[in-house]
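J.: Chains W and C, in that order, are what the protein sequence lines are.
The first sequence lines up with residues 202 to 309 when you count with my numbering.
The second sequence lines up with residues 1043 to 1158 when you count with my numbering.
Got a structure here, written out as structure tokens. Questions coming.
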Amino acid sequence: AQRVTQPEKLLSVFKGAPVELKCNYSYSGSPELFWYVQYSRQRLQLLLRHISRESIKGFTADLNKGETSFHLKKPFAQEEDSAMYYCALSRSNYQLIWGAGTKLIIKP
Amino acid sequence: EAGVAQSPRYKIIEKRQSVAFWCNPISGHATLYWYQQILGQGPKLLIQFQNNGVVDDSQLPKDRFSAERLKGVDSTLKIQPAKLEDSAVYLCASSYGPDRGTDTQYFGPGTRLTVL
């Protein structure tokens, strides 16, 4: 079955601490994975995609096919990182399968 | 570029009533998606359009939900009659689609539906 799992509903860390949001997937083909973010009172937007291998707002994510994971990391959290984060997997027809999301709270 | 527009932003109705949502995608985007997002869950795809044709509506409860995308631009999603479990945020998203080789989806602000 095709599935995306985000095991943490809520993650709370202090400003300046490292952040890791976990994402595991189940997919029989070659996956294309994304992280989307929704800041308070804003619309859902793309944060990064694994195929780009880029760092956005200090966040990076590496696809680990052996562990079927695509964890999102940032070495030093900032207060403006507080948001809902969704991991998503793209199927061959460009449809996205979504995780349930993790609410990240950065404490001052 | 202007973003995906949706209206209304909020709607409160009683069960068994009807409701319609409207979406205007980004200009030039061939693919349009409607999602249902229940509180505490990720978005769930209801229907995907490519231009004015339906690509996938396998998760659309067709006994009460309907959607159309006339002329391949704007789209409407209707619920008739609504049930309590339809309370959710309804998201519209659009993308250039496979013809442009990109699948980045751009989302509207959503419509929050409350069924009493």
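A virtual CB, placed ideally from N, CA and C, is assigned to each residue, including glycine.
For clarity, every value in this text was computed on a predicted model and none was experimentally measured.
Round the Cβ separation of Lys1053 (chain C) and Leu1126 (chain C) to the nearest angstrom and send it over; I've been treating them as touching at under 8 Å.
T.: Lys1053 (chain C) to Leu1126 (chain C), Cβ: 14 Å. No contact.
J.: Contact between the segment 269-280 of chain W and the segment 219-227 of chain W: three or more CB pairs below 8 Å?
T.: Yes, they touch.
J.: Just to check, is the beta-carbon of Gly1084 (chain C) closer than 6 Å to a non-hydrogen atom of the ligand FAD?
T.: This structure lacks the ligand FAD, and indeed carries no ligand of any kind.
J.: If the cut is a Cβ gap below 7 Å, which residues of chain W does Gln1083 (chain C) touch?
T.: Simply Ala301.
J.: Does Phe1146 (chain C) get closer than 7 Å to chain W when you measure Cβ to Cβ?
T.: Sequence check: residue 1146 (chain C) is Thr here, not Phe. True, the Cβ-Cβ gap to chain W drops below 7 Å.
J.: Just grab the DSSP bridge partners of Gln1078 (chain C) for me.
T.: Answer by DSSP bridge pairing, in chain order: C:Lys1086 and C:Tyr1132.
J.: Give every residue of the same chain whose Cβ lies closer than 7 Å to the Cβ of Ala1130 (chain C), excluding the five residues on either side of it in the sequence, and list them in chain order.
T.: Same-chain partners within the cutoff: Gln1078, Gln1079, Ile1080 and Leu1155.
J.: Which residues in chain W have a C-beta closer than 9 Å to the C-beta of Val1097 (chain C)? List them in chain order.
T.: Chain W residues near Val1097 (chain C): Asn294, Tyr295 and Gln296.
J.: Taking a cut of 8 Å between CB atoms, which residues from the segment 244-270 of chain W lie near chain C?
T.: Correct list: Arg244, Leu245, Gln246, Leu247 and Arg250.
J.: Can you find at least 3 beta carbon pairs, one from the segment 286-300 of chain W and one from the segment 1114-1121 of chain C, that sit closer than 8 Å?
T.: No: fewer than three Cβ pairs fall under 8 Å.
J.: Got a sec, what are the start and stop residues for the beta strand (DSSP E) Leu234 (chain W) sits in?
T.: First-last of the beta strand (DSSP E) with Leu234 (chain W): Glu233 to Gln239.
J.: Taking Cβ to Cβ, would you say Leu211 (chain W) is nearer than 7 Å to Lys304 (chain W)?
T.: Yes, they are a contact pair.
J.: Relative to chain W, which residues along the segment 1111-1138 of chain C have a C-beta separation below 9 Å, given in chain order?
T.: Those residues of the segment 1111-1138 of chain C that come within reach of chain W (Cβ to Cβ, closer than 9 Å) are Leu1133, Ala1135 and Ser1137.
J.: If the criterion is Cβ atoms closer than 7 Å, does the pair Asp1145 (chain C) and Ser1137 (chain C) meet it?
T.: Yes, they are a contact pair.
J.: If you follow the beta strand (DSSP E) that Arg204 (chain W) is in, where does it begin and where does it stop?
T.: From DSSP, the beta strand (DSSP E) with Arg204 (chain W) extends over Arg204 to Thr206.
J.: Taking the alpha-carbon positions, what's the Ala1124 (chain C) to Pro208 (chain W) distance?
T.: Their Cα atoms are separated by approximately 32 Å.
J.: Mind pulling the chain W residues with CB within less than 9 Å of Gln1090 (chain C)?
T.: The contacting residues are Asn294, Tyr295 and Gln296.
J.: Against Tyr240 (chain W), what residues of chain C qualify as contacts under a CB-to-CB distance less than 9 Å, listed in chain order?
T.: Per Cβ cutoff of 9 Å: no residues; Tyr240 (chain W) is ~12 Å from chain C at best.
J.: Listing by chain order, which chain C residues have their CB less than 9 Å from the CB of Ser291 (chain W)?
T.: In chain order: Asp1145.
J.: Can you tell me whether Asp263 (chain W) is buried or exposed? The criterion is at least 16 other CB atoms within 10 Å of its CB, across all chains shown.
T.: Counting Cβ neighbours within 10 Å, Asp263 (chain W) comes out exposed, since fewer than 16 surround it.
J.: Could you name the residues of chain W that Leu1087 (chain C) contacts, counting a contact when the two beta carbons are closer than 9 Å?
T.: Neighbours of Leu1087 (chain C) on chain W, chain order: Gln296, Leu297, Ile298 and Trp299.
J.: Would you check if the segment 1100-1116 of chain C and the segment 281-292 of chain W touch, i.e. whether three or more CB-CB distances between them fall below 8 Å?
T.: In short, these stretches do not touch, since the Cβ pair count stays below three.
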